[in-house]
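Notes for the one structure printed next.
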Amino acid sequence: MDIKYDPEPTLARFHASDKFFRGIRGPIGSGKSVACVMEIISRCLEMPADSRGRRRSRWAIVRNTTAQLRDTTLKTFVEWIPEELCTITRSPRITGRIDSPLSDGTRLDVEVIFLPMDHPRSERDLLSLELTGIWFNEARELPLNFITAGLSRCGRFPRSADVPHYWSGGIADTNSPDTFHWWYHRAVEKTPENWEFFDQPPALLCENGKYLPNPAAENIRHQPKGARYYLDMVDGADPDWLDVMVLCHYKSLFDGKPVYQPFWNENIHVSKTPLPVERNRELYLAFDFGLTPACVAGQLMPNGQLRILREWCSENMGLRQFCRDLLLPDLSRDFNGMRYIVTGDPAGAQRSQVDRDDSCYAELARNGLSCTAARTNDFEPRRRAVINRLTYLSGGEPGYLLDPSCQMLRQGFTGGYMFELINRVGEGGTLRYREQPAKNIFSHIHDANQYLCLYLQPEATAVRDGFRRMMDDNRRRMNRLRDRDILEV
Ligand SMILES: Nc1ncnc2c1ncn2[C@@H]1O[C@H](COP(=O)(O)OP(=O)(O)O)[C@@H](O)[C@H]1O
Ligand SMILES: [Mg+2]
């Protein structure tokens with residue numbers, strides 16, 4: 022068998038690890054898929070021979086759709102494992118079979134099952150397999166339950182009675198997912214003991230809006246155009262796409278229209294450092310209710326800047342549990358003794374969302390948070406209130422500043438909180454979007470954020486202040502006229 026493969030540094034570390042699950046994250050074209058194919062073949066070669074002198078393994082290769090499995094994954098596989106070594110059968114499902122003598126007198130005996138996840142039978146098929154290992158190709162497209170199910174099938178072939186101890190487990194490769202993805206949770210927040218993640222360097226660097234080749238980028242030597250391959254992508258590509266596919270940022274690629282486009286700007290509106298809590302200043306809390314209560318906490322600075330310090334999000338949790346388990350412990354730990362000003366969805370005052378004869382406002386009041394309803398829950402004024410904040414500058418400072426810990430708000434701003442695409446119709450393929458934002462994991466915390474902005478609306482305050490100033494001026498002028506006996510009142 023003659024395969025020439027010389028892995029890049031990150032991929033060499035991936036091959037050297039014996040963890041049960043290993044993941045590679047990197048830019049497009051960095052050699053991830055090739056590394057996974059080579060990992061499979063080298064683990065198969067390392068399999069101890071059984072009593073008949075056969076090194077037996079069975080692998081599954083998983084991809085989200087049949088088309089991608091056939092057109093991308095299988096293609097890489099046969100490019101690196103030639104068909105004279107591995108016989109591919111394409112029906113009823115794609116399988117590969119290696120049965121080949123090795124120079125030490127043993128035989129390599131491998132079965133590879135290609136599994137698309139878009140088939141109705143796929144989950145059942147996966148759960149019926151006895152495997153040595155599994156490769157999750159482009160893992161950000163795969164839900165965690167497939168990963169868990171797949172891993173539960175590994176280490177079952179060959180049976181341990183037949184051969185001494187051998188490695189078994191899962192490998193995965195992916196372009197960057199978003200920060201809500203299981204990959205991010207496991208790679209960045211809490212990595213299971215027997216899992217390991219390998220991050221390749223970005224293909225390009227972006228400095229002051231200019232894209233440059235990254236000297237540390239991998240697999241450049243195997244790209245026919247070298248770093249040009251990436252530089253040529255830059256013009257005409259969506260910056261979000263480049264952030265994910267080339268710069269390897271953890272970020273979502275959404276296909277709706279972000280609600281705050283083009284007003285939101287990560288560089289302006291997200292603080293680079295954690296925002297301090299000003300203990301002598303009021304803490305504003307704003308709520309969205311319903312089955313997914315959400316709350317934001319912010320402070321208003323003397324220059325008019327609204328600083329969002331904290332967000333609390335929930336899923337399928339009543340307001341009572343939300344307060345008891347999430348909000349109140351945090352308030353008493355981090356914002357103890359401060360004066361709270363509370364606002365929220367006006368619907369929470371009327372509708373009973375806690376239980377039959379109780380309102381959300383009553384529930385909040387019981388927790389010492391008496392709430393003043395925002396003046397409306399119509400969408401347009403709420404959106405305008407946020408846009409006013411985003412676009413308002415005071416002495417060079419933005420009117421709205423987000424603490425870097427507020428990931429849900431931030432991801433919502435960058436596109437998760439969006440108007441869904443209805444269809445591509447009309448002349449020139451005009452895109453049509455829904456008029457109300459999609460209800461999703463980002464919308465509830467954004468509703469809460471809107472109630473806060475509405476409550477503190479600079480527009481309303483400015484009009485009120487202007488009106489007061491005008492009345493004061495009038496009064497002063499009338500007094501002056503009266504003093505000079507011009508006016509008889
Ligand atoms: N070690 C290597 N030696 C030679 N060519 C390689 C090597 N690794 C990757 N390539 C080539 O680089 C290209 C991109 O590799 P691929 O694994 O498909 O990237 P990714 O999966 O990261 O998008 C492919 O044409 C592949 O054949
Ligand atoms: Mg790939």
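For the sequence shown, this note's numbering begins at 22 and goes up steadily by one.
Cβ atoms here follow ideal geometry from the backbone N, Cα and C, with glycine treated the same way.
From a predicted model like this one, the values you see are computed outputs, not experimental measurements.
Count the other CB atoms, across all protein chains shown, that sit within 10 Å of the CB of residue i; report buried if there are 16 or more and exposed otherwise.
i: S415; result: exposed
i: I24; result: exposed
i: N500; result: exposed
i: W262; result: exposed
i: E60; result: buried
i: K272; result: buried
i: P279; result: buried
i: S181; result: exposed
i: G171; result: buried
i: A117; result: Strictly speaking, residue 117 in this sequence is Gly, with Ala absent from that position. G117 should be labelled buried.
i: E332; result: buried
i: S78; result: buried
i: E173; result: Correcting the residue type first, residue 173 is Ser in the shown sequence and not Glu. Looking at its Cβ environment, which holds fewer than 16 other Cβ atoms inside 10 Å, S173 is exposed.
i: R377; result: At R377, the pLDDT of 47 sits below 50, so the modelled position is not reliable and the matter cannot be decided from this model.
i: L385; result: buried
i: R498; result: exposed
i: V363; result: buried
i: A224; result: buried
Any heavy atom of ligand 2 closer than 8 Å to the CB of residue i?
i: E239; result: no
i: D220; result: no
i: E159; result: yes
i: D194; result: yes
i: K53; result: yes
i: T31; result: no
i: T153; result: no
Going by DSSP, which residues form a beta bridge with residue i?
i: L306; result: A318 and V363
i: P419; result: L414
i: D346; result: DSSP, once it has assigned bridges, lists no residue as partnering D346.
i: E217; result: R43
i: V280; result: Partner(s): none; V280 has no beta bridge.
i: G593; result: This structure cannot speak to residue 593, because the chain is shown only from 22 to 510.
i: D130; result: R77 and D120
i: I82; result: F135 and W156
i: Y12; result: This structure cannot settle anything about residue 12, because the visible part of the chain is limited to 22 through 510.
i: V291; result: L423
i: I109; result: G117
What did DSSP end up calling residue i once you bin it into helix, strand or coil?
i: M138; result: coil
i: E332; result: strand
i: W262; result: helix
i: P28; result: coil
i: L150; result: coil
i: N158; result: strand
i: W285; result: coil
i: A368; result: helix
i: T97; result: helix
i: N495; result: helix
i: L475; result: helix
i: T393; result: strand
i: L66; result: helix
Does the beta carbon of residue i come closer than 9 Å to any beta carbon on chain B?
i: P30; result: The chain labelled as chain B is not found in the depicted structure, where only one protein chain is given.
Measuring only from the beta carbon, is residue i closer than 8 Å to any heavy atom that is part of ligand 1?
i: Y472; result: no
i: K231; result: no
i: Q244; result: yes
i: A383; result: no
i: I49; result: yes
i: D23; result: no
i: Y26; result: yes
i: A37; result: no
Worksheet item: For the 8 Å Cβ check, are there 3 or more pairs between the stretch 104-113 and the stretch 156-173?
Response: no
Worksheet entry | Inter-stretch contact at 8 Å, needing at least 3 Cβ pairs: the stretch 181-200 / the stretch 50-68 | Short answer: they touch.
Worksheet item: Is the stretch 432-446 in contact with the stretch 339-354, if contact means three or more CB pairs nearer than 8 Å?
Response: Result no; under three Cβ-Cβ pairs closer than 8 Å.
Item to complete: Inspect the CB distances between the stretch 97-107 and the stretch 213-232 and report whether three or more fall short of 8 Å.
Response: no
Item to complete: May I ask you to verify whether the stretch 297-308 touches the stretch 416-424, counting CB pairs closer than 8 Å and requiring at least 3?
Response: no
Worksheet item: Counting Cβ pairs, one atom from each stretch, are 3 or more of them under 8 Å apart for the stretch 332-346 and the stretch 274-291?
Response: no
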